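For the sequence shown, the UniProt record's numbering gives the first residue as 1, with consecutive numbering after it. Cβ coordinates follow ideal geometry from the N, Cα and C atoms, glycine included. Source: prediction; values computed, not measured.
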Amino acid sequence: MAQQVGYLDRIELPATLPGGLSGLEITETGNRLFAIGDRGQIVTARVERDAEGMLGLSDLRVWPLRNPDGKEVHGLSADAEGLALAEDGTLFVSFEGRGRVWRYAEPGGPATYLPRHPDFDRLQTNSGLEALAVDARGRLYTLPERSGALTRPFPVYRLAGGTWDQPFSVPRRGGFLPVGADIGPDGRFYLLERAFNGFSFRSRVRRFDLGETHLSGEVTLLETPLFARGNLEGLSVWRDGSGVLRLTMVADDNDNALQRRELVEYRVTE
């Protein structure tokens, strides 16, 4: 069945929010937002909406990311990139510096250590665990921004029952690199990717059927032209009250006033 993706809305993020937002989750109601910044912060907010779309954000709160000892993270240890929200409200954060995933019972609370895959120590510098997702069974999926070779697919690591494995990979297509992921309410794997030509960004969203040992049914849902969007890095897939799937994405402005600070939304129909 043919897929159609339509642009819905865009809002500028308020200047009171920290820059460098790179992970995003929107609750199934569409009204609650969680985001992380690559300076070691987690943001919560309410998304105000009307029948026409997003109006803005309210009830903004910024919390420090803390290590398992309860201390705020700084420097390379603070480079949080991926965010996943489990059905029970647990938050998971992946880090690009020393590749790892931590669990948080609540924003601002101490982290809980999770096991690490041996490959995490061999990831390229500044190209670590960029994307993170959690399925309905509580299994985590993460992948690095780079695979180590232009012809090598991107490995996907899965944490299930306290053990990591690497059940499958995502094929490379062109010059795009993974920056965000989510498991949609339809149980499919959605991947946000970015390409940069030195002047502007392009973004792409691919969707896959998620199996135990492989991905299948690859579909490119969205590919933006140069200069259309900012540096989109965080992706949340959810279903609105009409049953329509929405793709909500946040732009990482890299703490650069010349780059966009935006939240954008698309709808997927069949």
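In its own chain, which residues sit with a C-beta less than 7 Å from the C-beta of residue i, not counting the 5 before and 5 after it?
i, result
"Asp79", "Asp38, Phe95, Glu96 and Gly97"
"Gly138", "Ala86"
"Glu81", "Ser22, Gly23, Asp38, Ser94, Phe95, Glu96, Leu129 and Glu130"
"Thr142", "Gly82, Ser94, Val101, Leu129, Ala131, Leu132 and Tyr157"
"Gly56", "Ile11 and Glu48"
"Pro68", "Pro110, Ala111, Thr112 and Tyr113"
"Arg122", "none"
"Ser216", "Phe208 and Asp209"
Would you say the beta carbon of residue i is closer than 6 Å to some non-hydrogen atom of the ligand ZN?
i, result
"Leu232", "As presented, the structure is devoid of all ligands, the ligand ZN included, so that no description of it is given."
Less than 7 Å between the beta carbons of residue i and residue j, yes or no?
i, j, result
"Pro167", "Pro153", "no"
"Arg32", "Val264", "no"
"Glu223", "Arg204", "yes"
"Arg13", "Arg261", "The sequence shown places Leu at residue 13, not Arg. A contact, by the Cβ cut-off of 7 Å."
"Leu8", "Tyr266", "yes"
"Ile36", "Val93", "yes"
"Gln124", "Arg103", "no"
"Gln3", "Val237", "no"
"Ser169", "Pro185", "no"
"Gly70", "Pro110", "yes"
"Ser200", "Leu235", "no"
"Arg229", "Asp209", "no"
"Phe120", "Gly89", "no"
If you run the structure through DSSP and keep just helix, strand and coil, what is residue i?
i, result
"Ser77", "helix"
"Pro118", "helix"
"Leu65", "coil"
"Val244", "coil"
"Arg103", "strand"
"Ser133", "Note that residue 133 is Ala in the sequence shown here, rather than Ser. Strand at Ala133."
"Ser22", "strand"
"Ser169", "strand"
"Leu159", "strand"
"Asp59", "strand"
"Arg239", "strand"
"Pro110", "coil"
"Gly174", "coil"
"Thr224", "coil"
What residues in its chain sit with their C-beta under 8 Å from that of residue i, if we drop five residues either side in the sequence?
i, result
"Pro107", "Phe34, Ile42, Thr44, Arg61, Trp63 and Leu91"
"Trp164", "Pro115, Arg116, His117, Tyr157 and Arg158"
"Arg46", "Asn31, Arg32, Leu33, Leu57, Ser58 and Asp59"
"Gly53", "Leu8, Asp9 and Glu265"
"Gly6", "Tyr266, Arg267 and Thr269"
"Gly175", "Ala195"
Would you please verify whether the beta carbon of residue i is less than 7 Å from any beta carbon of chain C?
i, result
"Gly241", "Given the protein chain composition of this structure (a single chain), no chain C is represented."
So what does residue i bridge to, in DSSP terms?
i, result
"Glu52", "Answer by DSSP bridge pairing: none, since Glu52 is not bridged."
"Phe201", "Phe196"
"Leu13", "Answer by DSSP bridge pairing: none, since Leu13 is not bridged."
"Phe189", "Ile183 and Phe208"
"Arg152", "The partner list for Arg152 (beta bridge, DSSP) is empty, contrary to what the question assumes."
"Leu83", "Val93"
"Phe34", "Glu25 and Thr44"
"Gly234", "Val250"
"Thr142", "Leu132 and Tyr157"
"Gln4", "Thr269"
"Thr213", "In the DSSP output, where bridge partners are listed per residue, Thr213 has none listed."
"Leu263", "Ile11 and Val250"
"Glu72", "Arg66"
Once you ignore the five residues that flank residue i on each side, which residues in its own chain have a CB closer than 6 Å to its CB?
i, result
"Ala84", "Phe92, Leu132, Ala133 and Val134"
"Arg239", "Pro185 and Leu245"
"Leu232", "Ser203, Met249 and Ala251"
"Arg173", "none"
"Leu76", "Gly97"
"Leu192", "Val179, Gly180, Val205 and Leu235"
"Thr213", "Pro167"
Three Cβ pairs or more, each shorter than 8 Å: is that satisfied between the segment 131-138 and the segment 167-181? yes
Touch test, the segment 11-28 against the segment 236-252, Cβ-Cβ under 8 Å, three pairs minimum: yes
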